[in-house]
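Everything in the sequence shown is counted per my numbering, starting at 7 for the first residue and increasing by one.
Ideal Cβ positions, reconstructed from N, Cα and C, are used throughout, including at glycine.
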Amino acid sequence: MRVYKASSKEAAMRKAIRALNMCLKRANQKQVLLMFSGGSALELLDGIELSLIGKHITVTVLDERYSRDPAINNFAQVAQTDFYREAEKKGIDYIDTRVHYRITLHRLAGKFDRALKRWRKNHPEGCIIVTQGIGEDGHTAGILPYSNQQRKFQRLFEHKQKWIVAYSVPKAANKYTRRMTVTFPFLREQADCSIVYATGKDKRRAIRKTLAKSGSLEATPSRVIQQMAAARLYTDL
């Protein structure tokens with residue numbers, strides 16, 4: 007992991023976008039799985055150089071909110087961006103995580119898990135590029151804190167055979183209660199390039215806990231970036 011500090015949110019975003027484009031440029035001769043986080047990390051999409059996008063790219067999300075509402079579902083939000091509309095014209099492939107028909111959360115998660123593993127099997131030399139954010143509560147991807155519930159947390163997010171898990175949380179924990187997300191083993195072992203973007207005073211405490219020498223993943227899931235050689239954090243804090 008490396009940390010890059012900027013003097014402002016705008017400067018941090020420019021650096022993060024530059025790094026994301028560099029990852030895409032370096033992988034230009036490979037098949038690429040491009041996985042986007044929701045929330046503020048979606049702001050990076052507007053800066054992607056379309057000259058780097060083509061049929062070798064597969065687009066999907068890093069985590070998903072189980073909802074048919076296009077204003078909530080992460081993939082639906084990605085699909086509404088100018089980047090995605092232009093990328094479709096260039097022939098990208100995609101792994102769609104929108105909630106179609108009556109598919110259940112766990113069936114959708116299983117389908118997503120199989121799709122990611124199929125992509126890796128078909129492209130063993132391919133490159134996986136992800137964007138991550140850090141929430142005020144210290145979550146990253148869709149991995150929310152489970153303070154004082156270490157066993158449950160590890161059972162869910164440290165599952166060695168699963169790249170995607172589905173779970174639910176009380177509304178008190180997060181207003182989006184039904185979710186699916188990549189697991190820690192996926193982030194540590196499969197991500198070839200991770201651009202982590204987190205700015206704003208409201209995230210100061212979370213970023214400090216993320217970078218602290220001591221702490222637990224169940225209290226601050228974003229600490230996983232310390233275990234990711236491919237992670238680059240861009241912040242104004």
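Taking 8 Å as the cut-off, the beta carbon of Leu150 is found closer than this to the beta carbon of Val175.
Between the C-alpha atoms of Ala197 and Val38 there is a straight-line separation of about 11 Å. Under a 10 Å Cβ-count criterion, Glu55 is classified as exposed, with fewer than 16 other Cβ atoms of the shown protein chains found around its own Cβ. Residues of the same chain with a CB within less than 8 Å of the CB of Thr103, apart from the 5 flanking positions on each side, are Thr66, Val67, Glu70, Asn79, Asn80, Phe81, Leu114, Phe118, Met186 in chain order.
Rounded to whole angstroms, Arg210 and Tyr107 show a C-alpha spacing of 41 Å.
Measuring C-alpha to C-alpha distances from Leu51 to each of Ala85, Pro76, Asp75, Arg32 identifies Ala85 as the nearest.
Of all C-beta pairs linking the region 146-161 to the region 223-233, three or more are shorter than 8 Å, placing the two stretches in contact. Following the DSSP letters along the chain, one finds Asp119 inside the alpha helix (DSSP H) bounded by residues 111-128. DSSP lists Thr64 as the beta-bridge partner residues of Asp99. The alpha-carbon of Glu131 is positioned some 11 Å away from that of Trp125. Rounded to whole angstroms, the Cβ separation of Asp242 and Ser13 is 7 Å, and the two are in contact under 8 Å. Here Arg238 is buried, its C-beta having at least 16 other C-beta atoms within 10 Å. When beta bridges are read from the DSSP output, Arg71 appears opposite Arg185. In the DSSP assignment, Lys219 forms no beta bridge with any residue. Minimum Cα-Cα distance from Ala235 among the listed residues Ala77, Arg214, Lys215, Ile201 corresponds to Ile201.
With contacts defined as CB atoms closer than 8 Å, Glu224 and Gln156 qualify as a contacting pair.
Under the three-state reduction of DSSP output, Ser228 falls in the helix class.
With a 10 Å radius around the Cβ and a threshold of 16 neighbouring Cβ atoms, Lys36 comes out exposed. In the structure shown, Gln138 falls within a strand segment according to DSSP collapsed to helix, strand and coil.
DSSP places Ile59 in the coil class of the three-state scheme, outside both helix and strand.
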